[in-house]
Structure formats: C-alpha cells, structure tokens
Amino acid sequence: MSKLLAELEDGFHGTIEALLIQVNRGVTAKGAPYLSFVLQDKSGRMDAKYWNVSEEQLHQYKAGMVVRIFADVLSHQKQLQVRINKMEIIPTEDVDISLFVKEGRVSKDELKTSIFKILENMKNENIKRICLSILHDYEQDFFIYPAAKRNHHDFVGGLATHVLGMMKLAKFMANQYPLLNEDLLLSGVLLHDIGKLMELSGAVITEYTVEGKLLGHISIMQSIVQQKADDLGISGEEVMLMRHMILSHHGHYEYGSPVLPLIPEAEILYLIDNIDARMHSMEKALENVEEGDFSQRIFALENRSFYKSKI
C-alpha cells in the first residue's frame, strides 16, 4: 500500500501514488536529461526528481496525470525530496481524484454556513442584495475553486477559505475602527476575487483562461457588479464604491490595480487581503520544515526564507 506524502520520511523506500502538479525538463551538467516534478495528494505536496530518463520518458508525463512511483525519499537542503526509480501512469478510469486533491482545514459545509450567515446579517439592503445574488449565481464554483493558481490558498475550496478568513479580519477591523462601514468592507471581501472563477479554468490543475489573460479578474468582476446592480434595479453610491473596492484591492498600480484605494474600506481590504494571503504562504512554506530550521525561499514573499521557531 502506498503512503501519503505527509507520511514520508528521510530514508523511505517504497511506493507512492500522486498527482503530477508540475512537470519540468532539465539537463544535468554532464548533459543527461532529467525530469523535475511537483507531486500532490490530499495530504500535501513534495518535489521529485527522475534522473537519467530516456527520450521517450522525457515527453511521456504531463501535469494532471496520476502516477504510481517506486521511489526513495531523501533530505535535500533540509527539505524532503522524492527520487524516482520507476514510474507508471495510472489509467484515468482507475483514479479517485479526491485522493489527490489537497484538503483545506474548513469543510465546504462550514464555509457555506459561515459566509452566508455573515451576508444575511448585513444591514445595508442594497449591498446585501447584490452580494447574495452574485454568490448564488456562482455558488457551485465559489466553494470549490482555489484562490490562486499557485502561492496562497491554492487548493480546492481555497477561494472560499480565503474569503472567510478575510471576513473575520474585516469584522474585527470594523469593530476596532468605527470609521469603517462594515457592510461595504464585507462586500469587497466577498467580491474581490470572484472574477477568478472566470480567470481560472477549474478547481484542479487550474490554468488561466483566454478571458482571464485578456481581461483579468479585477476587470471581469467590477463589470459583473454593475450588471447585477442594473438587473436588480439598484443604483447610487453603494454600487460605485463596491466597484472601487474591487478595482483597487491590489493596492498599487504595479500589482495590477487600475486605481488606488481612495476610501478607508478599500485601504483595509487591500491590507487584510495581503495579511491573509501572506500568512497562508508562510504556513505552507513552514509545513514540512523541522523546528529550528529555515524554509526554502518564497518568491511571493520577497524571496525570503522563514525560520520555524522551537517555541
């Protein structure tokens, strides 16, 4: 019986079944071709190397395949890595994809209950109607999509997990700073990344769609908010401010926002989005690091490596 990736230890020798998340080809200093993979199952991810592959093997494997690997596990730069001795593709009809999808800590049912409860308690009826109507329109995908192709919350249900985490931060901030309109801030939290349901191709092995590449999730979503408001017969400043929240939530022109945050709620949305995303990236980086050691460098966090404390 194969082991889960999270169960592997230095010195393991045996069988692993995993989903190929990334497949890269390379050549050693001596000119020998090799393959580099990122493997995934429901317990997590791990890097793998397949040395001295044949020309046929070099082009045989693609992201999205489930494979059975006969391998050794060793520690490389204080990170566990799979060294592949032999690998075979498992036919699609024999695959239960749920075994290879990374799980979030919060169940789908809990995410739904918590997010809908927060929206139902909104006091501003116009904001509430727009938010609930949009969430109902995209409910099926919203609760299974990742929040990003890679980096933060890149797992099934990651988008909803990210939104719920931000909603909790938003409610704390609104309580701490009476200047903030809680309903407006929560609307920005809910809506800021729903455009990714059109920007990304799916919940597993996601890629950017043509619409996503040409328009981007920010542009897509602010347009949807205006259309929804028109459909519901809602007009006025609330709609404009909700669109501003979406357009400015990356905080800087160079990060993809066409406008900068110009209301307090937009500024806080940018900050709590950043907090939740960065904390998840750190958590993921430190997941398999031993206490007293440093993680690998994280490109999304200024290429820093992080220390896992012993306390």
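Numbering (numbering that gives the first Met the number 0), first residue to last: 0 to 310.
Cβ atoms here follow ideal geometry from the backbone N, Cα and C, with glycine treated the same way.
On a predicted model such as this, the values are computed, not experimentally measured, just so you know.
Exercise. Going straight from the alpha carbon of D230 to that of N123, what length do you get?
Worked result: Mapped onto the sequence shown, residue 230 falls at position 231. Mapped onto the sequence shown, residue 123 falls at position 124. Distance between the alpha carbons of D230 and N123 is about 18 Å.
Exercise. If you pair each beta-carbon of the region 20-34 with each one of the region 106-125, do three or more pairs fall below 8 Å?
Worked result: Contact check between the region 20-34 and the region 106-125: fewer than three CB pairs, one atom from each, fall below 8 Å, which does not count as touching.
Exercise. By Cβ distance below 7 Å, which residues in the same chain neighbour L246 in space, the five residues on each side in sequence not counted?
Worked result: Translated into the one-based positions of the sequence shown, residue 246 becomes position 247. Once the five neighbours on either side are set aside, the close Cβ partners of L246 are I217, Q221, S256, P257 and V258.
Exercise. Are the beta-carbon atoms belonging to T205 and M197 less than 9 Å from one another?
Worked result: The residue given as residue 205 occupies position 206 in the sequence shown. The residue given as residue 197 occupies position 198 in the sequence shown. Cβ atoms of T205 and M197: not closer than 9 Å.
Problem set entry | Complete runs of the beta strand (DSSP E) confined to the region 157-220 [at least 3 residues] | none
Problem set entry | Three-state class that DSSP yields for E8 in the structure shown | The residue given as residue 8 occupies position 9 in the sequence shown. E8 falls in the coil class under three-state DSSP.
Exercise. In this structure, does DSSP put N23 in helix, strand or coil?
Worked result: As a position in the sequence shown, residue 23 is number 24, starting the count at 1. Collapsing the DSSP output to three states places N23 in a strand.
Problem set entry | Distance, K227 Cα to G30 Cα | Stepping through the sequence shown from its first residue, residue 30 is reached at position 31. Stepping through the sequence shown from its first residue, residue 227 is reached at position 228. Their backbone Cα atoms lie some 57 Å apart in a straight line.
Exercise. How long is the line joining the alpha carbons of F298 and L285, rounded to whole angstroms?
Worked result: Within the sequence shown, the letter at position 299 stands for residue 298. Within the sequence shown, the letter at position 286 stands for residue 285. Spanning the two alpha carbons is a distance of roughly 14 Å.
Exercise. Quick one: any contact between the region 165-181 and the region 129-143, if contact means 3 or more CB pairs under 8 Å?
Worked result: The region 165-181 and the region 129-143 do not touch, with fewer than 3 CB-CB distances between them shorter than 8 Å.
Problem set entry | Option in M172, S304 and L213 with minimal Cα separation from L270 | The sequence position of residue 270 within the sequence shown is 271, counting from 1. Comparing Cα-Cα distances from L270 to each of M172, S304 and L213, the minimum goes to M172.
Problem set entry | G194 vs M241 beta-carbon contact at 9 Å | Here residue 194 is taken as the residue at index 195 of the sequence shown, counted from 1. Here residue 241 is taken as the residue at index 242 of the sequence shown, counted from 1. No; because the gap between Cβ atoms is not below 9 Å, this pair is not in contact.
For this session: Just confirm the distance between the C-beta atoms of L158 and D182, as a whole number of angstroms; I'd bet it's less than 8 Å.
Result: Taking the first residue of the sequence shown as 1, we reach residue 158 at position 159. Taking the first residue of the sequence shown as 1, we reach residue 182 at position 183. Between D182 and L158 the Cβ distance is about 21 Å, and since that is not below 8 Å, they are no contact.
Exercise. Of all the options I223, H251, V288 and M244, which has the alpha carbon lying nearest to the alpha carbon of Q76?
Worked result: Your numbering for residue 76 matches position 77 in the sequence shown. Ranking the options by Cα distance to Q76, first place goes to V288.
Problem set entry | At least 3 beta-carbon pairs within less than 8 Å: the region 78-92 vs the region 1-18 | yes
Problem set entry | Uninterrupted alpha helix (DSSP H) stretches inside the region 39-101 (no shorter than 4 residues) | 54-57
Exercise. Quick one, which of L178, E210 and G215 has its alpha-carbon nearest E266's?
Worked result: Counting from 1 along the sequence shown, the entry for residue 266 is found at position 267. Selected option, being the one with the closest Cα: L178.
Problem set entry | DSSP bridge partner residues for R303 (one or two, in chain order) | Residue numbering aside, residue 303 sits at position 304 when the sequence shown is read from its first letter. Bridge partners of R303: I297.
Exercise. How should V238 be labelled, buried or exposed, when 16 other C-beta atoms within 10 angstroms of its C-beta is the threshold for buried?
Worked result: Within the sequence shown, numbered from 1, the residue matching residue 238 stands at position 239. It is buried - the Cβ of V238 has at least 16 other Cβ atoms within 10 Å.
Problem set entry | T14 - partner residues in DSSP beta bridges | The residue you call residue 14 lines up with position 15 of the sequence shown. Note: T14 sits in a beta bridge opposite F69.
Exercise. Does the beta-carbon distance from I88 to Q59 come in below 9 Å?
Worked result: Residue mapping note: residue 88 aligns to position 89 of the sequence shown, counting from 1. Residue mapping note: residue 59 aligns to position 60 of the sequence shown, counting from 1. Yes, they are a contact pair.
Problem set entry | Residues bridged to Y33 [DSSP beta-bridge criterion] | Position 34 of the sequence shown holds residue 33. Partner(s): G25.
Problem set entry | 8 Å contact criterion, which L73 and M121 should meet: CB distance rounded | To locate residue 73, count along the sequence shown from 1; it is residue 74. To locate residue 121, count along the sequence shown from 1; it is residue 122. About 53 Å; that fails the 8 Å criterion.
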